[in-house]
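Student: In this text, residue positions in the sequence shown follow the numbering used here: the first is 169, and each later residue adds one. There's a structure below that I have some questions on.
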Amino acid sequence: MYNQISANKRKSWLVVIVFVAFVAALGWLFGKFTGSPSVTIAVLIGAVVYAFIMYFAGSRLSLAVNGAKEIQKSDNPRLWRTVENLSITDGLPMPRVFIMNDPAPNAFATGRNPSKSAVCVTQGLLDIMNDTELEGVLAHEMGHVKNYDMRVSMIAFALSAVVSVIADVMLRLAWFGGEDRENNNNNQIFVILGIVAAIVAPIIAALIQLAVSRRREYLADATGALTTRYPEGLASALEKIVQTGSATKIQNTATAHFFFASPLKKHSIGNLFSTHPPIQDRIKRLRGMETQV
């Protein structure tokens, strides 16, 4: 179990490093394309600034856009006690607790660090999960808090956004400034490379972002199973979600990667690039952990 958690952490950060290298390479190409080498540095600085903005604002935004309502212990003692017990077990501060008025069973955690964290569950999750399954789901979400997944996700999200901006600008320069560039620089190679990069880069960025998100989901599963010492609780919860579906009424692709299971409808375009690994694969891995805890 500990080996799996360590491996997931290493792989997550390896993907982030590859992502940073990819953005730097695209920034370098953009610098060549525009004839301004300093653009590479500007791209990286812009990515860092955007990551910080999303890092500090992402928590409030994710709760607001999903219609989450904060509760106190008297509003739902069962949910509150479960979160409180897991916080004590993990040695973490008690997070703020929210409920979404949605019939689909789902949950998410957010917050830039454990002292600023929040967990949110849907009413549908509370309705269909027994205590052991609810504990498993919340242990998974607390695992995200414990592993600082918000930080990793925001880095990936920011870099992906920067790639999209660069790609858009490169396409515009290629279509509207191509003739001048040919006359002034006589360098059609970079024009062609720029067009190809502008088309391919957003797809590559999305795939790398998905790799980050999926690795963090596996990591949270393993962390949650280690906390409860009962992987079957989480596996059983996932099986129920397979049967009922996890698509929420509010469809928001920007926050979909926060959720326990994909909140998007199966026919949604966003599901073509799902941030979540296959549920059956998660169940299989969890049941493979039963002899390790």
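Built from N, CA and C at the ideal position, the CB exists for glycine as well. A quick note: this is a predicted structure, and the numbers were derived from the prediction, not measured.
Which value, in whole angstroms, describes the spacing of the CA atoms of MET297 and ASP317?
Tutor: 25 Å
Student: Restricting to runs no shorter than 3 residues, where is the beta strand (DSSP E) found entirely within the stretch 274-316?
Tutor: 275-278, 286-290
Student: Ignore the nearest five residues each way along the sequence and tell me which others in LYS408's own chain have a CB closer than 8 Å to its CB.
Tutor: PRO273, ILE296, MET297, GLU301
Student: Could you have a look at ARG264 and say whether DSSP puts it in helix, strand or coil?
Tutor: strand
Student: Along the chain, where does the alpha helix (DSSP H) that runs through LYS433 open and close?
Tutor: No alpha helix (DSSP H) contains LYS433, which DSSP labels as neither H nor E.
Student: Indicate the three-state DSSP secondary structure (helix, strand or coil) for ILE239 in the structure shown.
Tutor: In this structure, ILE239 counts as strand in the three-state DSSP scheme.
Student: Do ILE239 and PHE220 have their beta-carbon atoms positioned less than 9 Å apart in this structure?
Tutor: no
Student: Between MET268 and THR395, is the Cβ-Cβ spacing less than 9 Å?
Tutor: no
Student: Measuring only the C-alpha atoms, how far is THR416 from PHE428?
Tutor: Approximately 12 Å between the Cα atoms of the pair.
Student: Could you tell me how far apart the beta carbons of TYR218 and VAL380 are, in whole angstroms, since I believe they sit closer than 8 Å?
Tutor: The beta carbons of TYR218 and VAL380 sit about 16 Å from each other, so the pair does not count as a contact at 8 Å.
Student: Report the residue from LEU194, ASP389, LEU378 whose alpha carbon sits nearest the alpha carbon of HIS444.
Tutor: LEU378
Student: Along the chain, where does the alpha helix (DSSP H) that runs through ARG450 open and close?
Tutor: 447-456
Student: With a threshold of 16 other CB atoms inside 10 Å of the CB of SER227, please say whether the residue is buried or exposed.
Tutor: Its Cβ being crowded by 16 or more others within 10 Å, SER227 is buried.
Student: In whole angstroms, give me the CA-to-CA distance for LEU229 and PRO271.
Tutor: 22 Å
Student: For the alpha helix (DSSP H) holding GLN411, just list the boundary residues, first then last.
Tutor: 399-412
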